[in-house]
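2 protein chains.
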Amino acid sequence: MTVRGDAELMARAAHLFTGARHEFVCAARDLDTWSRPEARRSMARRKPGSVASGLTVKKLFTPVALADEAARAHLREVVANGVEVRISSTPLPHETIVIDRRVMILAERDGPGPREYTVTTSPTLVNGVYSLFAAAWDAATELTAYLRGDAPHLDDDSRAVLRALGAGYTDETAARHLGLSLRTYRRRVAELMETLEADSRFQAGLRAGELGLTG
Amino acid sequence: MTVRGDAELMARAAHLFTGARHEFVCAARDLDTWSRPEARRSMARRKPGSVASGLTVKKLFTPVALADEAARAHLREVVANGVEVRISSTPLPHETIVIDRRVMILAERDGPGPREYTVTTSPTLVNGVYSLFAAAWDAATELTAYLRGDAPHLDDDSRAVLRALGAGYTDETAARHLGLSLRTYRRRVAELMETLEADSRFQAGLRAGELGLTG
DNA sequence: CCGCACGTGGCAGCTTGCTGCCATCGTGTT
DNA sequence: AACACGATGGCAGCAAGCTGCCACGTGCGG
């Protein structure tokens, strides 16, 4: 089943949203859809009772969803309502929703015309998509953890230090390799560990890996 | 379009496999499908010329696909043929194939009857699934890297050590916390670092993260 | 019983990592 | 010029991590 435009989707699929009993998961590039007024309203109507009634809600976004402060505030609010939010560092479909593992809704990439939605209940398709979602979900990082670690705010120096650490050099060879004194190199490592909120170098390595600073 | 059984799939969708021009990706729990004789043969016919002609092939499996030696040997052979193989530590759909980002084939979880396949060309569905696949793919680890670090072969003790390291404890508190002597704890850490082929604790943390040993 | 292998733990000494202190140097401000 | 500020590096001392050595206990086969 294919519908065009948000209005038609809401008209024909609203019962799917409100009828979610056990689980509601969605993956999206950004918050675009839910920030549209009409969608917001119907979602708002659904949300309050939902979390209390044993419904788990999972939302997976790309970092694009954190672009502006309004979006971050909205996500924080959503989290406060018991919704699990994770951020994936890899591209995501523009919109994918799976409800109770029985029905799913996919949205096409934005084109010139109204957005096109596809609603499917085929168990084969839904299960396949659900499993892929689960894999992407497991690999993503919790929103709070993501906001805590400021991955993008690292300068080139810090990245160089990170690479040296990742290469397994001892401090002395790493410092020589980077043209730094031992003291300064260790200072840099200490700063890095502070920004990563790591208590040990092992933990720092773990965090660095989590935040995708390896590549 | 839905087909039942491997024979019917091959009869009706063989041209899709042989017609792949640019990209062939699949995600599966194990090698079950391709180890079946008839499927193997038609794949074998397709493979040789494929990699040479600018076709990229990506295969994503769970660790289940590495269960027996025959499977590992087959995967090594496949890799030698230029196919990219990655292992995801999270559950995957039983079978998902996307060809040239235009058509996809999903297989239902094995039931009592013949396996059921769904072939779809809807751009919305295919793009959605493709993006999810890409996210799962990016998060998975290269087969060679996976085989090098023996993630699954870690006993509970090692996992406990790993958790202690990840928690940022000092060796002393970690040892006390695990009921080990300092000496033994450090022995364990050294062993762990050896199996992870890490030269430093930082590197060990990085590897542990890469291999998905955080959870 | 003896010997053997293996895992464990204590000890000691060494290396590595960590950090406070101070001197130096360059930059930019008053 | 004088000054402040920040970044750097040397030094020293301490903390943490690493490992070789030996001793002890346990289990196993001779």
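Line order of the protein sequences matches chains S and R.
Position in the first sequence counted from 1, then plus 1321, gives you the working numbering.
Position in the second sequence counted from 1, then plus 1321, gives you the working numbering.
Ideal Cβ placement from N, Cα and C applies to all residues, glycine included.
Practice problem: Output yes if chain R places a C-beta closer than 8 Å to the C-beta of residue 1517 of chain S; else output no. | Solution: With respect to chain R, the C-beta atom of residue 1517 of chain S has no partner C-beta closer than 8 Å.
Quiz prompt | residue 1384 of chain R versus R:1402, R:1413, R:1375 and R:1444, residue with shortest Cα-Cα distance | solution = R:1413
Self-check item: Close Cβ partners of residue 1375 of chain S (< 8 Å) along its chain, the five nearest in sequence each way excluded
Solution: Contacts found: 1343.
Practice problem: Would you tell me roughly how many angstroms separate the C-alpha atoms of residue 1366 of chain R and residue 1523 of chain R, rounded to the nearest one? | Solution: Below a pLDDT of 50, predicted positions are generally treated as unreliable, and residue 1366 of chain R, at 48, falls in that range; no measurement from the model is reported.
Quiz item: Between residue 1514 of chain R and the rest of its own chain, which residues show a CB-CB distance below 6 Å, the 5 nearest in sequence each way excluded?
Solution: 1525
Quiz item: Is residue 1403 of chain R near the ligand FMN, with its Cβ less than 7 Å from a heavy atom?
Solution: Inclusion of the ligand FMN in the displayed structure is not the case, the ligand content being empty and no account of it being possible.
Quiz item: Does residue 1502 of chain R come within less than 8 Å of chain S when only Cβ atoms are used?
Solution: no
Quiz item: Of the residues R:1460, R:1418, R:1458 and R:1454, which one's Cα is nearest the Cα of residue 1441 of chain R?
Solution: R:1418
Exercise. Verify the CB distance criterion: does residue 1319 of chain S have a CB-CB separation below 8 Å to chain R?
Key: Look at the range of chain S in this structure, 1322 to 1536, and you will see that residue 1319 of chain S is not part of it.
Exercise. With DSSP collapsed to three states, give me the class of residue 1371 of chain R.
Key: Its pLDDT being 47, under 50, residue 1371 of chain R is placed unreliably in this model, and the value from its coordinates should be taken loosely. Correct three-state label for residue 1371 of chain R: helix.
Self-check item: Other residues of its chain near residue 1350 of chain S: CB distance less than 6 Å, five sequence neighbours each side excluded
Solution: 1383, 1385, 1413 and 1415
Quiz prompt | Reduced DSSP secondary structure (H/G/I, E/B, other) of residue 1515 of chain S | solution = Three-state DSSP puts residue 1515 of chain S in a helix.
Quiz item: Can you name the start and end residues of the alpha helix (DSSP H) that residue 1494 of chain S belongs to?
Solution: 1492-1499
Practice problem: Starting from residue 1427 of chain R, follow the alpha helix (DSSP H) in both directions and report where the run begins and ends. | Solution: It is not in any alpha helix (DSSP H) - residue 1427 of chain R instead sits in the beta strand (DSSP E) that spans 1424-1428.
Quiz item: In whole angstroms, what separates the C-alpha of residue 1421 of chain S from that of residue 1496 of chain R?
Solution: 44 Å
Quiz item: Since residue 1450 of chain S meets chain R, which of its residues come closer than 9 Å, beta carbon to beta carbon?
Solution: 1414, 1417, 1427, 1446, 1449, 1450 and 1453
Quiz item: Out of curiosity, what's the CA-to-CA distance linking residue 1370 of chain S and residue 1341 of chain S?
Solution: Because residue 1370 of chain S carries a pLDDT of 46, less than 50, the predicted location of this residue cannot be relied on, and the following value inherits that uncertainty. Computed Cα separation, rounded: 11 Å.
Quiz item: Does the region 1451-1464 of chain R touch the region 1404-1413 of chain R, meaning 3 or more C-beta pairs lie closer than 8 Å?
Solution: yes
Self-check item: Cutoff 7 Å; reference residue 1481 of chain S; Cβ partners in own chain excluding five residues on either side
Solution: The residues are 1499.
Exercise. Express the C-alpha separation of residue 1450 of chain S and residue 1377 of chain S in angstroms, rounding to a whole number.
Key: 18 Å
Quiz item: Closest to residue 1543 of chain R by CA distance: which of R:1335, R:1336, R:1352 and R:1379 is it?
Solution: As displayed, chain R neither begins before 1322 nor continues past 1536, which places residue 1543 of chain R out of reach and without an answer.
Practice problem: Kindly give me the distance between the Cβ atoms of residue 1456 of chain S and residue 1519 of chain R, rounded to whole angstroms, as I take these residues to be in contact under 8 Å. | Solution: Rounded, the Cβ-Cβ distance is 26 Å, inconsistent with contact.
Quiz item: If you drop the 5 nearest sequence neighbours on each side, which residues of the same chain put their C-beta closer than 6 Å to that of residue 1427 of chain R?
Solution: 1417 and 1439
Practice problem: Answer with yes or no whether the minimum CB distance from residue 1459 of chain R to chain S is below 8 Å. | Solution: Yes, its Cβ sits closer than 8 Å to a Cβ of chain S.
Exercise. Kindly give me the distance between the Cβ atoms of residue 1445 of chain S and residue 1437 of chain R, rounded to whole angstroms, as I take these residues to be in contact under 8 Å.
Key: 6 Å
Exercise. Measure the alpha-carbon distance for residue 1359 of chain R versus residue 1396 of chain S and round it to whole angstroms.
Key: Confidence is the limiting factor: at residue 1359 of chain R the pLDDT is only 49, short of 50, which leaves the residue's position unreliable, though a coordinate-based value still follows. Cα to Cα, residue 1359 of chain R sits roughly 50 Å from residue 1396 of chain S.
Exercise. Could you name the residues of chain R that residue 1443 of chain S contacts, counting a contact when the two beta carbons are closer than 7 Å?
Key: 1439
Quiz prompt | Amino acids of chain S, ordered along the chain, whose beta-carbon sits closer than 7 Å to that of residue 1527 of chain R | solution = 1487, 1526, 1529, 1530 and 1535
Practice problem: List the endpoints of the continuous alpha helix (DSSP H) containing residue 1348 of chain R. | Solution: Residue 1348 of chain R -> not in any alpha helix (DSSP H); beta strand (DSSP E) instead, spanning 1344-1349.
Quiz item: What's the gap between the Cα of residue 1356 of chain S and the Cα of residue 1501 of chain R?
Solution: Confidence at residue 1356 of chain S is low in this model, with a pLDDT of 48, below 50, so its placement is unreliable and the value that follows should be read with caution. Taking the Cα positions, residue 1356 of chain S is about 54 Å away from residue 1501 of chain R.
Exercise. For residue 1399 of chain R, I'd like the list of residues in its chain whose CB is within less than 8 Å of its CB, leaving aside the five on either flank, ordered along the chain.
Key: 1380 and 1406
Quiz item: Between residue 1352 of chain R and the rest of its own chain, which residues show a CB-CB distance below 8 Å, the 5 nearest in sequence each way excluded?
Solution: 1382, 1386, 1392, 1395 and 1396
Quiz item: First and last residue of the beta strand (DSSP E) that includes residue 1381 of chain S?
Solution: 1377-1382
Quiz prompt | Three-way DSSP call (helix, strand, coil) for residue 1510 of chain S in this model | solution = helix
Exercise. Consult DSSP for residue 1404 of chain R and reduce its assignment to one of helix, strand or coil.
Key: Of the three classes helix, strand and coil, the one that applies to residue 1404 of chain R here is coil, per DSSP.
Exercise. On a CA-only basis, which of R:1429, R:1511 and R:1521 is nearest residue 1489 of chain S? Give me that one, please.
Key: R:1521
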